Amino acid sequence: MFDTLPHLPAVDHPELLGEPVRGYISLLPEAEVFSIDPALSDTESLCREYGEPESTCGNCVIVRGRRGEISRTVACLALATTRVDVNKLVRKRLDVRKASFAPMDEATSESGMEYGAITPVGLPQDWPIWIDPAVAEAAEVCIGAGTRSAKLVLPGKSLLALPNAEVVEGLAA
Numbered sequence: 001m002f003d004t005l006p007h008l009p010a011v012d013h014p015e016l017l018g019e020p021v022r023g024y025i026s027l028l029p030e031a032e033v034f035s036i037d038p039a040l041s042d043t044e045s046l047c048r049e050y051g052e053p054e055s056t057c058g059n060c061v062i063v064r065g066r067r068g069e070i071s072r073t074v075a076c077l078a079l080a081t082t083r084v085d086v087n088k089l090v091r092k093r094l095d096v097r098k099a100s101f102a103p104m105d106e107a108t109s110e111s112g113m114e115y116g117a118i119t120p121v122g123l124p125q126d127w128p129i130w131i132d133p134a135v136a137e138a139a140e141v142c143i144g145a146g147t148r149s150a151k152l153v154l155p156g157k158s159l160l161a162l163p164n165a166e167v168v169e170g171l172a173a
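Residue numbering for the sequence shown follows full-length UniProt numbering, starting at 1 and increasing by one per position.
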């Protein structure tokens, strides 16, 4: 996956990772990191440039829901070829009246990561991480590294080592 780019052990190269990711990368010893042109950070551009199918990439979206004065946030990780079921499954599991993608400025400031590079690795401890089964079952998946200038590649099941991570059936279709 993205074999034309040199892969390095992520635990040995924290300088390539976003600040929040550095504190959690030790939980994923098999993760590899590779550098990219930041202009290629979005999945479609990256895959087109390197001839990879989008199905090899996982996209992490931050969803926020509200019920009265209570606000809840969750990170959802699904393959790039699917869509997270925000309006039904996520809304119901969060137990909120309405759920939607967190505004970009809030998602980036609260995660400490760059837009287009948000990853479940290093998110705030009180955010659940919901992983679609297709991601968890992937032999390898490419995800963000917290910075637009790098990506992580790791076995999907490894992501379950992250705090608050769980596989959620029906998360994406």
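Just so it is clear, CB atoms sit at the ideal spot from N, CA and C, and this is done for glycine as well.
Only a predicted model underlies this, so the values are computations on that prediction, with no experimental measurement involved.
Within the same chain, and ignoring the five residues on either side of residue 84 in sequence, the residues whose Cβ sits closer than 8 Å to its Cβ are 61, 63, 76, 78, 90, 132, 171 and 172. For residue 149, the closest alpha carbon among the candidates 40, 32, 127 and 4 is that of 40. With a 10 Å radius around the Cβ and a threshold of 16 neighbouring Cβ atoms, residue 73 comes out buried. Sequence-distant Cβ neighbours of residue 50 in its own chain, meaning closer than 6 Å and more than five residues away, are 2. Looking at the DSSP output, residue 164 sits in no beta bridge, so it has no partner there. Look at residue 144 here: in three-state DSSP terms it is strand.
By the C-beta density criterion, residue 103 is exposed, having fewer than 16 other C-beta atoms within 10 angstroms. The three-state reading of DSSP puts residue 25 in helix, counting H, G and I together. For residue 135, the enclosing alpha helix (DSSP H) covers residues 133-136. Residue environment analysis places residue 87 among the exposed positions, since fewer than 16 neighbouring C-beta atoms fall within 10 angstroms of its C-beta.
Nearest to residue 47 by alpha-carbon distance, out of 167, 141 and 169, is 141. DSSP places residue 40 outside any beta strand (DSSP E), giving it a letter other than H or E.
Restricting attention to 80, 160, 34 and 70, the CA atom closest to the CA of residue 94 is found in 70. For residue 30, DSSP records no beta bridge to any residue. In this structure, DSSP gives residue 58 an extended state, which the three-state scheme calls strand. If you check the CB distance, residue 33 and residue 5 do not come in under 8 Å.
Looking at the backbone, the Cα of residue 152 and that of residue 119 are separated by about 9 Å.
Here the C-alpha atom of residue 145 lies approximately 15 Å from the C-alpha atom of residue 156.
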